[in-house]
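*Asks:* First residue of the sequence shown? That's 84 in the working numbering, and the numbers climb one at a time after it. We put the beta carbon where it would ideally sit given N, CA and C, even for glycine.
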Amino acid sequence: MNPLLKYFRKEQVYPVSCKIFSLAIFTGFCFFAPAQKKTADTSYIKPFEKRNTIELYTGISSAALNFNDPGERLQDFRMVANSSAYTGVFLNYKWLSLDYSVAIPGTRRAKDIKLKYKSFAFNFSWKRWKFHPFYNSYNGLLIPKDKFNSGFEAFRNIQYSNAGLDLFYYTNIARFSPGAANAFSQRQIKSAGSLFFMATPVWQKINWKDPSRTLISDSGTYTLLSGDPQWVSLIARTGYLYNFSMKKGKWNIVPSVMLGAGALREIETGKKELQLVSDIQASVNFGYNSASFYVYGRAWWDNLQTNFLIKSMNRVNSNFSITAGYRFADYRKKFLKIL
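Following this line, the structure appears as structure tokens:
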């Protein structure tokens, strides 16, 4: 088995969908074959003998887009995803990882409205680095009828898409394991933390077919969305993770916080001005870890502020999930002569 694989594994992806969320197939990327240098302090970090895993997970997510005038907090317009609870299975065997999840029927915000959402994401790590390319597409959103979200109107002819890359760099891999903190794939024997840095180049687009004033009363938001805006941005973030390890890594609590800022450039506007983008994220992982079984929960919240030339957009995402996993060893015989 390639020794890199103890660091090269999928960390949980949390899509929100009304149908099938994702199907991701990962490969080992053979050009990364040289093993990671053994810099880890074994009194703090230990790998598991069984490195293959199968997981069952379930969770619930929410996503909202809030529009307001620059410098103002009062919302002029709000759209939300038709979020639902989801459940899925994840398999990691040698260099192959498969993830498949579906929405749980009857758990959508608006049960009588069906909208599509697609999400594809990859996660892999190498030495101090973690790479997370992603793509999301909301084909239709909901317009809350009041601030209490007691009813919704379907916004079917609008599509919001984004694609990009999250690039992480961890400063302390000698005593802190990102794999143990994020996916319980290693054992953190003693408590430790790490400062980390993150860069995110991303492309985003909103496409509104057949604009109508009946859906949006605010003129600034209507002008922005009816112009089918698309933009590219680069956000630099810094954050800190700390793994509180109890009973030599059997129990773990891992809070994290991350702050970031960057710039965006609107495409096809004819103007070259750069606008400010700011972001704050917080999360906590908590659970039980052992040589054969592990169970953990994850709560995550993200608040991204995007300032366009004529309007500001605040995107708020959140997720809570529970994962149960089982570790198993390699089978003696190869499957199809490649696994």
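For A257, count the other beta carbons within 10 Å of its own beta carbon; 16 or more makes it buried, fewer makes it exposed. Which is it?
*Replies:* Counting Cβ neighbours within 10 Å, A257 comes out exposed, since fewer than 16 surround it.
*Asks:* DSSP state of A319, grouped into three classes?
*Replies:* A319: strand per DSSP, three-state reduction.
*Asks:* Should S244 be listed as close to the ligand NAP, given that the test is whether its C-beta is under 8 Å from any heavy atom?
*Replies:* The ligand NAP is not part of the structure shown, which contains no ligands of any sort.
*Asks:* I'd like to check one pair, R320 with N149: are the Cβ atoms closer than 9 Å?
*Replies:* no
*Asks:* For F403 versus G142, is the C-beta spacing smaller than 9 Å?
*Replies:* yes
*Asks:* On the DSSP bridge list, what partners appear for L174?
*Replies:* L174 has I137, L181 as its beta-bridge partners, per DSSP.
*Asks:* For A118, is the classification buried or exposed, using 16 other Cβ atoms within 10 angstroms of its Cβ as the cut-off for buried?
*Replies:* Unreliable placement is indicated for A118, whose pLDDT of 37 sits below 50; the coordinate value is still reported in the next sentence. Counting C-beta atoms within 10 angstroms of its own C-beta, A118 has fewer than 16 neighbours from the protein chains shown and is therefore classed as exposed.
*Asks:* Could you pull the start and end residues of the alpha helix (DSSP H) that P312 belongs to?
*Replies:* Here P312 belongs to no alpha helix (DSSP H), and DSSP marks it neither H nor E.
*Asks:* What separation, rounded to the nearest whole angstrom, lies between the Cα atoms of M329 and W383?
*Replies:* 22 Å
*Asks:* For S295, does the three-state DSSP call read helix, strand or coil?
*Replies:* Note: S295 maps to coil in three-state DSSP.
*Asks:* Please report the distance separating the alpha-carbon of K129 from that of I272.
*Replies:* 7 Å
*Asks:* Looking at P284 and L248, is the spacing between their C-beta atoms short of 9 Å?
*Replies:* yes
*Asks:* For Q242, tell me which candidate among S277, K199, F259 has the shortest Cα-Cα distance.
*Replies:* K199
*Asks:* Alpha helix (DSSP H) containing A193: first to last residue?
*Replies:* From DSSP, A193 is part of no alpha helix (DSSP H); its letter is neither H nor E.
*Asks:* What are the start and end residues of the alpha helix (DSSP H) that includes N265?
*Replies:* 261 to 266
*Asks:* Taking 9 Å as the cut-off, decide whether the C-beta atoms of Y371 and S260 are in contact.
*Replies:* Not closer than 9 Å, so no.
*Asks:* Take the Cβ of R156 as the centre, count every other Cβ of all protein chains shown within 10 Å, and call the residue buried at 16 or more, exposed below.
*Replies:* exposed
*Asks:* For L422 and A147, what's the separation of their Cα atoms in angstroms?
*Replies:* Spanning the alpha carbons of L422 and A147 requires a straight line of approximately 42 Å.
*Asks:* Measuring straight from C-alpha to C-alpha, what distance separates W212 and R410?
*Replies:* 24 Å
*Asks:* Taking the DSSP output, what are the residues bridged to S366?
*Replies:* According to DSSP, S366 bridges with S339, W383.
*Asks:* Less than 8 Å between the CB atoms is what I'm expecting for L324 and S277, so what's the real figure, rounded?
*Replies:* Correct: roughly 6 Å between the Cβ atoms.
*Asks:* Quick one, which of F160, L179, A186, D293 has its alpha-carbon nearest P227's?
*Replies:* In terms of CA proximity to P227, F160 leads the group F160, L179, A186, D293.
*Asks:* For D249, list the residues DSSP reports as bridge partners.
*Replies:* H215
*Asks:* Would you tell me roughly how many angstroms separate the C-alpha atoms of N151 and Y221, rounded to the nearest one?
*Replies:* 21 Å
*Asks:* Taking DSSP as the reference, what is the three-state secondary structure of Y414?
*Replies:* coil
*Asks:* Since R192 and F235 are thought to touch, with beta carbons under 8 Å apart, how far apart are those beta carbons, to the nearest angstrom?
*Replies:* 6 Å
*Asks:* Helix or strand or just coil, what does DSSP make of T389?
*Replies:* strand
*Asks:* Which residues in the same chain have their Cβ closer than 7 Å to the Cβ of F251, if we skip the five residues on either side of it in sequence?
*Replies:* W212, K213, F279, M281
*Asks:* Which residue or residues does DSSP assign as beta-bridge partners of S375?
*Replies:* In DSSP, S375 forms no bridge with anything.
*Asks:* Identify the continuous beta strand (DSSP E) that holds S208 and give its terminal residues.
*Replies:* Looking at the DSSP string, the run of the beta strand (DSSP E) that includes S208 is 207 to 209.
*Asks:* Could you give the DSSP three-state label for S167: helix, strand or coil?
*Replies:* coil
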